[in-house]
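As numbered in the working numbering, residues 695 to 1025 make up the sequence shown, in order. All C-beta atoms, glycine included, are put in the ideal place defined by N, C-alpha and C. Predicted model only: the values in this text are computed from it and were never measured. Notes for the one structure printed next.
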Amino acid sequence: SGRGRIFSGMQPTSDSLQLGNYLGALTQWVALQEVHDAIYCVVDLHALTVGPDPAVLRERTRRTAAQYLAAGVDPARSILFVQSHVPEHAELAWLLSCHTGFGEASRMTQFKDKSAKQGTEGTTVGLFTYPVLMAADILLYDTTLVPVGEDQRQHLELTRDLAQRMNARFGAGTAVVPEAHIVKATAKIFDLQDPTAKMSKSAESPNGLIELLDDPKVVAKRIRSAVTDAEREIRYDPVAKPGVSNLLTILSALTDRPVAALEADYAGKGYGDLKKDLAEVVVGFLTPFQERVHHYLADPTALDDVLAEGAERARALAVPTLERLYDRSGL
Ligand code: ADP
Ligand code: NA
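Below you can see the structure in the form of structure tokens.
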């Protein structure tokens, strides 16, 4: 069929996803599942690279899955599962690590940034091979399309290089070479306190975040305290006015109203008006979203069943791919 095979995942590294994860990724995932064969994963093996407490990791894995579901990822249309439930990810990662150059892996900028912060002794080999595990996630499903943000581009390039290398070494058709799926005009959301930095669940301070599972009162307060600028004009200008532009981006994404129309709406009004309206819209979105998350979390058996069925369907695709790659490798 003309459908592509999509793979994407997020790490269960926080109790709550943030609005950037929702607007930049989850809404796209929901749209993509209508037109492609989509596989969405909670990548708990990747999360081990930050050394989580076991009970906390287990809880965050379930909460992340519940947030995928609440956002509209539909297990009837997509495959939804937890990475560690499909052991073939780790098996393929080993195989690929034997095709990855040490220098090549050392050049990954995300590794360089993170390891520079942690020092040589504080940096694990797992963090070093993280992009190889990500390549395994993608190649294991003969994925054709990977929705990626700018920060993951280099890792996707490595994945493509590895697939091409396997094909050159072991023959055409050994691995499917995936393409980046660039989603049109994905909203990029910035930190409310530092609107030049992307909103991120790994931010040092939570004050700039809109967390999907946070108390709506706290969220409203953070929006009202968002950093703006010394002017008064509500105008979209990400360079000169990053704070106000970020608020307009969020409002536009959640109301489906173009930014230009919002600029007209707010002509002659103040930042306080914009923040008050945005807080209302965000809370109006979060309230039913949180109800859906709590509905999924309130029935752990049902959630486990969904994830177990997803893992079974994922394995049905993963096992033959791994067998093919093992066979061609002489295993
Ligand atoms: P985080 O920085 O919150 O840990 P990840 O790096 O795990 O997020 O990214 C998970 C997904 O969410 C990716 O598809 C990424 O592109 C998207 N994403 C993360 N933060 C933002 C943001 N601020 N704006 C838009 N998309 C984002
Ligand atoms: Na991150």
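I need the DSSP call for residue i, collapsed to helix, strand or coil.
i	result
residue 839	strand
residue 860	helix
residue 892	strand
residue 930	coil
residue 802	coil
residue 939	helix
residue 776	strand
residue 724	helix
residue 875	strand
Just tell me which of the options has its CA closest to the CA of residue i.
i	options	result
residue 846	833, 864, 859 and 825	825
residue 864	822, 1018 and 1006	1018
residue 756	1013, 947, 968 and 995	995
residue 758	790, 814, 988 and 977	988
residue 906	934, 960 and 711	711
residue 811	859, 748, 893 and 744	744
residue 870	858, 881 and 876	858
residue 718	860, 842, 746 and 913	842
residue 721	768, 750 and 749	768
residue 850	934, 963 and 804	804
residue 802	848, 716, 844 and 815	848
Within a Cβ cutoff of 8 angstroms, which residues of the same chain sit near residue i, ignoring the five residues on either side of it in sequence?
i	result
residue 901	886, 887, 916 and 919
residue 1027	This structure does not reach residue 1027, given that the chain is present from 695 up to 1025, and the question cannot be answered.
So, under 8 angstroms CB-CB, residue i and residue j are touching, yes? Tell me the CB distance rounded to an integer number of Å.
i	j	result
residue 1001	residue 701	The pair is not a contact, with the Cβ atoms about 16 angstroms apart (cut-off 8 angstroms).
residue 922	residue 938	5 angstroms
residue 834	residue 1025	That belief does not hold up - the Cβ atoms of residue 834 and residue 1025 are roughly 15 angstroms apart, past 8 angstroms.
residue 839	residue 875	4 angstroms
residue 977	residue 914	6 angstroms
residue 751	residue 893	About 23 angstroms separates the two Cβ atoms, so there is no contact after all.
Please check if any C-beta of chain C sits within less than 8 angstroms of the C-beta of residue i.
i	result
residue 922	Considering every chain present, this structure includes no chain C. It has just one protein chain.
Note down, in chain order, each residue of its chain lying with its Cβ closer than 6 angstroms to the Cβ of residue i, except the 5 sequence neighbours on either side.
i	result
residue 953	930, 942 and 946
residue 764	983, 986 and 987
residue 698	730, 838 and 839
residue 940	884 and 889
residue 777	735, 737, 738, 739 and 783
residue 1008	773, 775 and 780
residue 794	826
Which same chain residues, not among the five before or five after residue i, have their C-beta less than 7 angstroms away from its C-beta?
i	result
residue 975	945, 948 and 949
residue 791	823 and 826
residue 1045	Any question about residue 1045 goes unanswered here, given that the chain covers just 695 to 1025.
With a threshold of 7 angstroms (Cβ to nearest heavy atom), would residue i be considered close to the ligand FAD?
i	result
residue 888	The ligand FAD is not among the ligands present in this structure, which contains only the ligand ADP and the ligand NA.
Does the segment 889-906 come within contact of the segment 726-737, defined as at least 3 CB pairs closer than 8 angstroms?
no
Flag this pair as touching only if the segment 822-836 and the segment 776-793 have three or more C-beta atom pairs under 8 angstroms; answer yes or no.
yes
Give a yes or no on contact between the segment 704-716 and the segment 735-744, applying the rule of three or more CB pairs nearer than 8 angstroms.
yes
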